[in-house]
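Under my numbering, the first residue of the sequence shown carries the number 24, and numbering increases by one thereafter. Working notes for the structure below.
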Amino acid sequence: MPSSTALSPDQQARRRWMSVLAKAPAEKLIHLWDSLPDKPDWSYLRRPETGMVMVRGRAGGSGQRFNLGEMTMTRCSIRLGDGRVGHGYVAGRGQGHATTAALIDALMQDETRRAALEQAVIAPLEASAADRRDLSARKAAATKVDFFTMVRGE
Numbered sequence: 024m025p026s027s028t029a030l031s032p033d034q035q036a037r038r039r040w041m042s043v044l045a046k047a048p049a050e051k052l053i054h055l056w057d058s059l060p061d062k063p064d065w066s067y068l069r070r071p072e073t074g075m076v077m078v079r080g081r082a083g084g085s086g087q088r089f090n091l092g093e094m095t096m097t098r099c100s101i102r103l104g105d106g107r108v109g110h111g112y113v114a115g116r117g118q119g120h121a122t123t124a125a126l127i128d129a130l131m132q133d134e135t136r137r138a139a140l141e142q143a144v145i146a147p148l149e150a151s152a153a154d155r156r157d158l159s160a161r162k163a164a165a166t167k168v169d170f171f172t173m174v175r176g177e
């Protein structure tokens, strides 16, 4: 995979919003999609398909790569009436999630709609993800145990 510095600013932006869409809770993403005005005409290029992908890890986080195992993934590709193509890749079997992610991906490629979609969809999903991370960190911190050693005086 190329490094982020080798990607154009548009590619980096698309990588960011596709990541947000893929990691968002399906119900929240679909709710945000339903609340958008004037939805475009679209058709499937590839209907939602569920399959398996190999998940790779690195020893120690940065060492040698190894195959961790397989996980279920759903993908979908759509084409808007104006010809723009969007893709959605999500963990699990969420066909509606993958379709909605693909629709928003295609719409985000339109410079005239990007700022409004960023504010209406991407920003709330990022804020929600930050809240979930914060809650998880606080729960983990609450279980932290500090160990200390007392030196015997001899």
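Glycine is no exception: its CB is placed at the ideal position from the N, C-alpha and C atoms.
Q) Quick one: what does DSSP say threonine 135 is sitting in, helix, strand or coil? A) helix
Q | Boundaries (first-last residue) of the beta strand (DSSP E) holding serine 199 | A | In the structure as shown, the chain begins at 24 and stops at 177. Residue 199 is therefore absent and cannot be evaluated.
Q. Measuring CB to CB, does leucine 68 end up less than 9 Å from arginine 102?
A. yes
Q: Give, in chain order, every unbroken run of the beta strand (DSSP E) that is at least 3 residues long and sits entirely within the stretch 61-135.
A: 65-81, 88-103 and 108-114
(Q) Here's the rule I'm using: 16 or more other beta-carbon atoms within 10 Å means buried, otherwise exposed. How should proline 32 be labelled? (A) exposed
Q: Return helix, strand or coil for valine 43, following the three-state DSSP convention.
A: helix
Q) Can you tell me whether DSSP reads arginine 37 as helix, strand or coil? A) helix
**Q.** Sub-9 Å separation of methionine 96 and glycine 80 beta-carbons
**A.** no
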